[in-house]
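A short worksheet on the structure shown next.
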Amino acid sequence: MLNTSSNTARLVVPAMMAAMVLGVRLEPGVPRPGTTRLPAVPRSATLDQFVEVSGKAGIHFKLTSGGPEKRYIIEAKGGGGAAWIDYNHDGFPDLFLVNGSTFEHWKRGDSPPSRLYRNNGDGKFTDVTLGSGLDHTGWGMGVCVGDYDDDGHDDLYVTYYGGNVLYHNNGNGTFADVTGKAGVRGHGWGMGCAFGDYDNDGRLDLYVANYLDVDINHLGEPGSAPNCTYRGISTFCGPRGLPGGRDILFHNNGNGTFTDVTEKAGIDPDKYYGLGVVWGDYDKDGRPDVYVANDSTPSSLYHNNGDGTFTDVGVPAGVAYSGEGQEQAGMGTDFADYDNDGWPDLVKGNFSDDTKNLYHNNGDGTFTDATYVAGLGDAGWLFTTFGAKFLDYDNDGWKDVILANGQVFPQIDRYQTGITYAERKLLFHKRGPGQGGVKFDEVGLRSGPGFAAKKVSRGLAVADYDNDGDVEILVTNMNDSPDLLRHAHKNPRHSILVQTVGTRSNRDGIGAKVTVATGGLTEYDEVRSGGSYLSSSDLRLHFGVGAATKIDRLEVSWPSGQKDAATNLSVDRIFVVKEGQGVVETRPLRKAPEVRK
């Protein structure tokens with residue numbers, strides 16, 4: 003649905019649709035699809051090698067999502083959520099993978115289960131789903147992590163078509179379905195979700211993006227209408243032409259229940275096609291805001307007014323459309339400060355025949371689309387990006403970008419379009435000072451077999467699951483096993499992990515702002531739930547610090563207003579920071595052995 007109050011929205015849609023059908027670019031002076039140039043990589047860039055280790059690590063999972071032809075939209079967009087969650091408090095992030103379904107399974111009520119893998123601490127995982135209580139099945143979509151009742155045990159919220167599920171972590175290795183009691187089942191087709199304390203009362207609230215308000219038994223037949231084709235090819239119908247679902251904001255009442263405050267808060271009145279969700283205090287006014295990547299409609303930046311209401315400032319802030327004023331098919335999204343200026347920037351994945359977005363935060367409540375200036379424009383044009391995440395994969399102190407890609411139309415492989423159904427991942431390395439610091443270089447093909455392989459990817463979540471100081475990457479793939487990408491070689495650079503424990507603020511410290519100063523470099527990040535595409539990364543923050551041998555200052559600004567700081571700290575450590583007490587625990591990072599290719 004269009005926002006009829008926006009003249010821009012009315013003007014850009016015909017142009018956008020023409021571009022999608024014809025496969026041409028609307029801006030002058032830029033290569034057409036099929037002639038995309040990969041930029042040269044400076045020899046000074048550090049190119050780490052990744053290998054895929056899911057099988058060796060004991061993760062034997064296949065994401066089920068419809069049949070091979072993807073005749074209906076739920077088969078192409080459904081499923082793929084992944085979450086890193088240390089459910090048993092042993093200091094090693096465990097892994098939860100959301101499963102989808104097929105029409106046959108869904109109608110019979112025997113959809114394949116999602117899976118919980120316990121991290122054994124030795125680089126391997128054990129499937130502990132049986133007996134865990136995580137036994138709801140259906141057409142699963144996404145997942146987010148947060149300790150909603152502040153009992154010290156992280157809980158799981160899982161989205162589905164037809165009703166979502168809240169799993170309470172019992173603290174003994176099991177979970178309980180408390181959806182009914184909590185009042186958070188929702189409605190329609192849930193997709194991305196994220197916990198965040200929007201009123202700073204110390205209790206985590208919950209945002210759920212809804213995609214479509216449809217009966218999946220009546221989704222239209224391929225090629226039956228204009229919204230059921232792509233480049234003249236018969237495909238599934240939608241999302242355009244189908245009714246959108248309204249996102250939901252649940253307020254945490256503090257007694258194990260939530261209240262739907264969507265209407266009162268002013269959330270998603272136009273019922274856009276919501277997918278990726280991430281909380282972040284983009285204007286640093288102390289109140290968490292939320293960004294929603296919407297499909298084929300303007301994306302939304304909900305500014306927290308501080309009185310229980312939100313205002314969608316996506317258009318004036320410059321993050322609703324592309325740099326050319328076009329609506330885009332947004333999917334995954336993430337906040338992070340990629341240029342170390344102290345302000346959280348945005349990345350967003352979009353459909354093919356379009357750029358992916360890198361929005362630079364100007365520090366005045368607005369963003370500038372820096373996609374081409376930063377070097378992300380041409381390299382991503384032909385790819386359909388679902389998972390999108392900032393990370394410092396080489397520990398040089400500068401945030402890089404990873405994009406997990408995969409088309410939605412298998413039929414595309416039968417035609418010469420320059421686009422393929424399975425696609426490789428894109429890895430953008432951020433240049434440091436003296437190397438053209440505003441630029442990124444796409445280094446995926448040079449980063450080992452873990453990135454070169456073509457898959458139909460969806461979810462993306464990161465964690466240092468072996469606590470060795472390097473970030474690992476989990477990517478889910480349609481009707482296939484996931485990719486667990488790990489560094490093949492030891493990284494000589496240093497890093498730290500920061501775990502926040504709230505007291506007055508929520509227990510996880512979600513919304514806490516962390517700065518790390520080393521020498522002349524100061525890094526900034528925020529503890530977040532959700533983000534990327536339907537996924538949730540490790541709640542611990544990872545900071546690469548390059549060649550630095552000490553941390554000059556580590557500071558945490560809590561949602562409550564409390565500030566805690568520590569100075570002259572060692573590198574290659576895990577720091578546990580407790581609100582009001584500062585650093586209460588340190589543990590050394592373990593330098594893992596190299597992985598054989």
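Here my numbering is used: the first residue of the sequence shown is 3, the next is one more, and so on.
Glycine is no exception: its CB is placed at the ideal position from the N, C-alpha and C atoms.
Assumed close pair residue i, residue j - CB separation to whole angstroms, cut-off 8 Å
i: R575; j: N469; result: Actually they do not touch by this definition, with Cβ atoms about 10 Å apart.
i: G198; j: M143; result: Rounded, the Cβ-Cβ distance is 19 Å, inconsistent with contact.
i: A295; j: M333; result: 6 Å
i: D336; j: V280; result: 6 Å
i: C239; j: S531; result: 33 Å between Cβ atoms; not a contact.
i: H107; j: S113; result: 5 Å
i: T478; j: L65; result: 5 Å
i: E525; j: G513; result: That belief does not hold up - the Cβ atoms of E525 and G513 are roughly 18 Å apart, past 8 Å.
i: A390; j: S534; result: 6 Å
Option nearest residue i by Cα separation, candidates the options
i: Y162; options: T181, A514, G382 and F385; result: T181
i: V349; options: G377, F105 and S562; result: G377
i: E265; options: Y274, T259 and F252; result: F252
i: G414; options: L384, F392 and W141; result: The sequence shown places Ile at residue 414, rather than the Gly named in the question. Nearest option by C-alpha distance: L384.
i: S56; options: D482, E587, P494 and L543; result: D482
i: A567; options: Y323, D217 and K515; result: K515
i: W141; options: K126, L168 and E77; result: E77
i: H62; options: Q583, L486 and V585; result: L486
i: D466; options: F98, L541, H155 and S354; result: L541
i: R640; options: D355, Y361, M480 and Y304; result: Any property of residue 640 remains undetermined from this structure, which presents the chain solely from 3 to 599.
i: V1; options: Y293, G548 and G450; result: Past the boundaries of the shown model lies residue 1; the chain is included only from 3 to 599, so the question cannot be answered.
i: L499; options: K456, F545, D201 and L536; result: F545
i: P484; options: K492, S497 and L462; result: L462
i: D2; options: S302, R509 and F177; result: Any question about residue 2 goes unanswered here, given that the chain covers just 3 to 599.
i: T387; options: V263, K358 and L277; result: K358
i: N202; options: G148, M480 and S562; result: S562
Residue i burial status per 10 Å Cβ neighbour count (16 or more: buried)
i: G31; result: In this prediction, G31 has a pLDDT of 27, which is less than 50 and means its spatial position is unreliable; what the coordinates show is noted afterwards. Exposed is the call here.
i: E444; result: buried
i: S226; result: exposed
i: V464; result: buried
i: S572; result: exposed
i: K552; result: exposed
i: L221; result: buried
i: T588; result: exposed
i: K432; result: buried
i: P33; result: Legend: pLDDT at P33 = 31, less than 50; position of this residue unreliable, value from coordinates given subsequently. Counting Cβ neighbours within 10 Å, P33 comes out exposed, since fewer than 16 surround it.
i: V26; result: For V26, the pLDDT reaches just 35, beneath the cut-off of 50, and the residue's location in the model is therefore unreliable, although a value from the coordinates is still provided. Its Cβ having fewer than 16 others within 10 Å, V26 is exposed.
i: E581; result: buried
i: L132; result: exposed
i: K457; result: buried
i: P228; result: exposed
i: V586; result: exposed
i: H491; result: exposed
i: P245; result: exposed
i: R110; result: exposed
i: P451; result: exposed
i: V100; result: buried
i: N257; result: exposed
i: G379; result: buried
Spatial neighbours of residue i in its chain, beta-carbon cut-off 6 Å, leaving aside the 5 residues before and after
i: G190; result: N212, D215 and G247
i: H155; result: N171 and G173
i: I235; result: Q413
i: G504; result: G511 and E581
Contacting residues, own chain, Cβ-Cβ under 8 Å from residue i (five flanking each side not counted)
i: V130; result: L118, Y119, R120 and G175
i: N166; result: Y159, V160, T181, V186, R187, G188, G192, C195 and V210
i: D96; result: W86, I87, D88, Y89, N90, L118, Y119, R120, N121 and F127
i: N570; result: K552, I553 and D554
i: N2; result: In the structure as shown, the chain begins at 3 and stops at 599. Residue 2 is therefore absent and cannot be evaluated.
i: T600; result: Since the first residue of the chain shown is 3 and the last is 599, residue 600 is not available in this structure.
i: D92; result: N121 and G123
Cutoff 7 Å; reference residue i; Cβ partners in own chain excluding five residues on either side
i: P590; result: D574 and R575
i: F260; result: A184, G185, V186, L208, F252, H253 and N254
i: E71; result: P412
i: P224; result: R73, C230, S236, T237 and F238
i: I269; result: D249, L251, Y304 and F312
**Request:** Please confirm if the stretch 420-439 is in contact with the stretch 394-406, defined as three or more CB-CB distances below 8 Å between the two stretches.
**Result:** Touching, yes, given that three or more Cβ pairs across the two stretches are closer than 8 Å.
**Sufficient close CB pairs (3 or more, under 8 Å) joining the stretch 361-376 to the stretch 335-347** = Under the three-pair Cβ rule at 8 Å, the stretch 361-376 counts as touching the stretch 335-347.
**Asked** Does the stretch 87-94 touch the stretch 516-527, meaning 3 or more C-beta pairs lie closer than 8 Å?
**Response** These segments do not touch.
**Item:** Cβ contact check for the stretch 384-400 and the stretch 460-480: 3 or more pairs under 8 Å
**Value:** Under the 8 Å Cβ criterion, the stretch 384-400 counts as touching the stretch 460-480, having at least three qualifying pairs.
**Request:** Spell out a yes or no on whether the stretch 295-314 and the stretch 547-567 are touching, meaning 3 or more CB-CB pairs, one atom from each, closer than 8 Å.
**Result:** The stretch 547-567 and the stretch 295-314 do not touch, with fewer than three beta-carbon pairs separated by less than 8 Å.
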